[in-house]
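Reading through the C-alpha cells given below for one structure.
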Amino acid sequence: MKVEPVPMTRQDQVTVAYDGLLARAGAQQVFLHCGYGPGPWRRVREYAMQRRPEGHWEAKVTLDDGGRFSFCFRDNANNWDNNTGRNWSYEIHEGTVPW
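Per full-length UniProt numbering, the sequence shown starts with residue 1, numbered consecutively.
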C-alpha cells in the first residue's frame, strides 16, 4: 500500500495504490473505503479502484475535509483488508507542513 503525497494537505488529490491481500488473492474489483477522523469516521465513501498494468489497484481522492484520512479496502466478494483491524490513517495538514 502506498499513498502520495505525504504529507498531505486539505484539498490535495491523493493517490492510494494497493497491492495487499485482496489484490494478491485475485480480486475482480477492489474498493477504497474511506472517511475522515479522528474517532468515528465522517463522510464515509467508497471508490472503485482501477487495476493498473503493473498489477496494483489505484484510486484518486480529493481531501475535502480535515483531521485524518482513514481507509481500508474491500473486494467485490465483500472480503475486507483493514490492516488487521487498525485500518490505515494519515494526518491531513491544514496548509502548513509541521517542520
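Each residue gets a CB set at the ideal place from its N, CA and C atoms; glycine is no exception.
In the three-state reduction of the DSSP assignment, residue 52 falls in the coil class, being assigned neither a helical nor a strand state.
Under the three-state reduction of DSSP, residue 21 is assigned to helix.
Its Cα nearest to that of residue 14, the residue 59 stands out among 46, 59, 38. Of 50, 28, 23, 33, the smallest CA-CA separation from residue 43 is found for 33. Here the segment 68-88 lies against the segment 10-27, with 3 or more beta-carbon pairs under 8 Å apart. Counting the other Cβ atoms within 10 Å of the Cβ of residue 55 gives fewer than 16, which makes it exposed. Secondary-structure assignment with DSSP links residue 32 through a beta bridge to 47, 73. Sequence-distant partners of residue 4 (beyond 5 residues in either direction) whose C-beta falls short of 6 Å from its own C-beta, in its chain, are 15.
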